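For reference, the structure is listed below as structure tokens.
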Amino acid sequence: DGGITQSPKYLFRKEGQNVTLSCEQNLNHDAMYWYRQDPGQGLRLIYYSQIVNDFQKGDIAEGYSVSREKKESFPLTVTSAQKNPTAFYLCASSPDRELTEAFFGQGTRLTVV
Amino acid sequence: AQSVTQLDSQVPVFEEAPVELRCNYSSSVSVYLFWYVQYPNQGLQLLLKYLSGSTLVKGINGFEAEFNKSQTSFHLRKPSVHISDTAEYFCAVRIYGNKLVFGAGTILRVKS
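Chains as they are written, first to last, in the working numbering: chain A, 13 to 125; chain B, 335 to 446.
Below, the structure is given as structure tokens:
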């Protein structure tokens, strides 16, 4: 059953700790994306990768880091430098660089206390 | 900068009534346009998309949208809504650099 798997669904962390969110896809898609969602603000792009071992900053990359060592995996690390990390994080992938369609995972809700 | 404006943050409507969710975008070049639906605490599901061709696009669950290039709009419509259509709807535009820009979302509340 093909799709995008984000884990965990809910994550709680103490302030000042780094945390890594997992995103795995078995769709054989080249491009992958991380978005942050806050109420009333839509989705904002954090990082994206169009090929293995390459990635670019999105609009709100400060305080985040990513890696793309394998085609199917695109983990996101929320670092202690991110001033307001509590949010809903969505991972997506696209079958082509033209972005004719994006498929989304079920999201991870991160709460920092 | 490219932007997407969803003109209504919330739209209340009675069951079986028609609904229109409005979306305007700013772009001077050709774009791809999308509508997604999100149920609480879930990811986004594609409703429909416009890449080229016919300006009237039909999607899943009885939704359709019309691309209007002169007005830079891509409004979403459904002739008769159900309680199960209650969700948040996002309009998105693919811009140069192959990135998706999203609107702030419209919450559709269907009342019985």
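Idealized CB from N, CA, C, for every residue including glycine.
All figures in this text were calculated on a predicted structure; none of them were measured in a lab.
task: Ignore the nearest five residues each way along the sequence and tell me which others in F67 (chain A)'s own chain have a CB closer than 6 angstroms to its CB.
output: In the first sequence, counting from the first residue as 1, residue 67 (chain A) sits at position 55. Cβ within range, chain order: Y59, S61, V78, R80.
message: So, for S414 (chain B): in the same chain, excluding its five sequence neighbours on each side, which residues have a beta-carbon less than 6 angstroms away from its beta-carbon?
response: Here residue 414 (chain B) refers to the residue found at position 80 of the second sequence. Here the set comprises E350.
task: May I ask you to list the residues that DSSP assigns as paired with D50 (chain A)?
output: As a working note, residue 50 (chain A) is residue 38 in the first sequence. DSSP lists no partner for D50 (chain A).
- prompt: Going by beta carbon distance, what residues of the same chain come within less than 8 angstroms of V363 (chain B), once the five residues before and after it are set aside?
  reply: One-based indexing of the second sequence puts residue 363 (chain B) at position 29. Y430, listed in sequence order.
field: Stretch-stretch touch, CB-based, cutoff 8 angstroms, three pairs: the stretch 95-111 of chain A with the stretch 39-57 of chain A
entry: yes
query: Which word fits Y359 (chain B), buried or exposed, when buried means at least 16 other C-beta atoms lie within 10 angstroms of its C-beta?
result: Translated into positions along the second sequence, residue 359 (chain B) becomes position 25. Per the 10 Å Cβ criterion, buried.
message: Can you give me the C-alpha to C-alpha distance between S337 (chain B) and A438 (chain B), rounded to a whole angstrom?
response: Residue 337 (chain B) sits at position 3 when you count from the first residue of the second sequence. Residue 438 (chain B) sits at position 104 when you count from the first residue of the second sequence. Answer to the nearest angstrom: the Cα atoms are 10 angstroms apart.
query: Of all the beta strand (DSSP E) runs that stay within the bounds of the stretch 96-122 of chain A, which reach a length of 3 or more residues?
result: 99-106
- prompt: For the stretch 393-444 of chain B, which segments carrying the beta strand (DSSP E) assignment without a break, of at least 3 residues, lie completely within its bounds, in sequence order?
  reply: 398-402, 407-412, 421-429, 433-436
query: With which residues is D66 (chain A) paired in a DSSP beta bridge?
result: Sequence index remark: in the first sequence, residue 66 (chain A) carries index 54 (1-based). Answer by DSSP bridge pairing, in chain order: A:I63.
query: Closest Cβ-Cβ distance between S392 (chain B) and chain A: below 8 angstroms?
result: To locate residue 392 (chain B), count along the second sequence from 1; it is residue 58. Looking at the sequence itself, residue 392 (chain B) is Lys, so the reference to Ser does not match. Cβ-Cβ to chain A under 8 angstroms: no for K392 (chain B).
- request: Return the residues of the stretch 355-387 of chain B that lie within a Cβ-Cβ distance of less than 9 angstroms from chain A, sorted by chain order.
  value: Y366, F368, Y370, Q372, N375, Q376, G377, L378, Q379, L380, K383, L385
- prompt: Quick one: Cα of F24 (chain A) to Cα of G117 (chain A), how far?
  reply: The residue given as residue 24 (chain A) occupies position 12 in the first sequence. The residue given as residue 117 (chain A) occupies position 105 in the first sequence. Going from the Cα of F24 (chain A) to the Cα of G117 (chain A) covers about 19 angstroms.
message: Below 7 angstroms on C-beta distance, what does F116 (chain A) contact in chain B?
response: Position 104 of the first sequence, counting from 1, holds the residue named residue 116 (chain A). G377, L378, listed in chain order.
message: Under DSSP, the beta strand (DSSP E) around R25 (chain A) begins and ends at which residues?
response: What you label residue 25 (chain A) is simply residue 13 of the first sequence in a count that begins at 1. It spans 22-25 - the beta strand (DSSP E) in which R25 (chain A) sits, taken as one unbroken run.
task: Please list the partners that A438 (chain B) has in chain A, where partner means a Cβ-to-Cβ separation under 9 angstroms.
output: In the second sequence, the residue the question calls residue 438 (chain B) occupies position 104. Result: G52, Q53, G54.
message: Taking DSSP's pairing of strands, which residues face N358 (chain B) in a bridge?
response: Here residue 358 (chain B) corresponds to residue number 24 of the second sequence, with the count starting at 1. DSSP, once it has assigned bridges, lists B:T339, B:S407 as partnering N358 (chain B).
query: According to DSSP, is Y373 (chain B) helix, strand or coil?
result: Looking up residue 373 (chain B) in the second sequence gives position 39. DSSP places Y373 (chain B) in coil when its eight states are reduced to three.
- prompt: Cα-Cα, which of A:G119, A:T112, A:G28 is closest to S386 (chain B)?
  reply: Numbered from its first residue, the second sequence carries residue 386 (chain B) at position 52. The option with the nearest alpha carbon to S386 (chain B) is A:T112.
- prompt: Is the CB-CB distance between A426 (chain B) and F368 (chain B) below 8 angstroms?
  reply: Here the question's residue 426 (chain B) lines up with position 92 in the second sequence. Here the question's residue 368 (chain B) lines up with position 34 in the second sequence. Cβ atoms of A426 (chain B) and F368 (chain B): closer than 8 angstroms.
field: R356 (chain B) versus K392 (chain B): straight-line alpha-carbon distance, rounded
entry: As a first step, residue 356 (chain B) must be located in the second sequence, where it is residue number 22. As a first step, residue 392 (chain B) must be located in the second sequence, where it is residue number 58. R356 (chain B) and K392 (chain B): Cα-Cα distance of roughly 16 angstroms.
- prompt: Taking just the CA atoms, how far does R428 (chain B) sit from L434 (chain B)?
  reply: The residue labelled residue 434 (chain B) in the question sits at position 100 within the second sequence. The residue labelled residue 428 (chain B) in the question sits at position 94 within the second sequence. Their backbone Cα atoms lie some 4 angstroms apart in a straight line.
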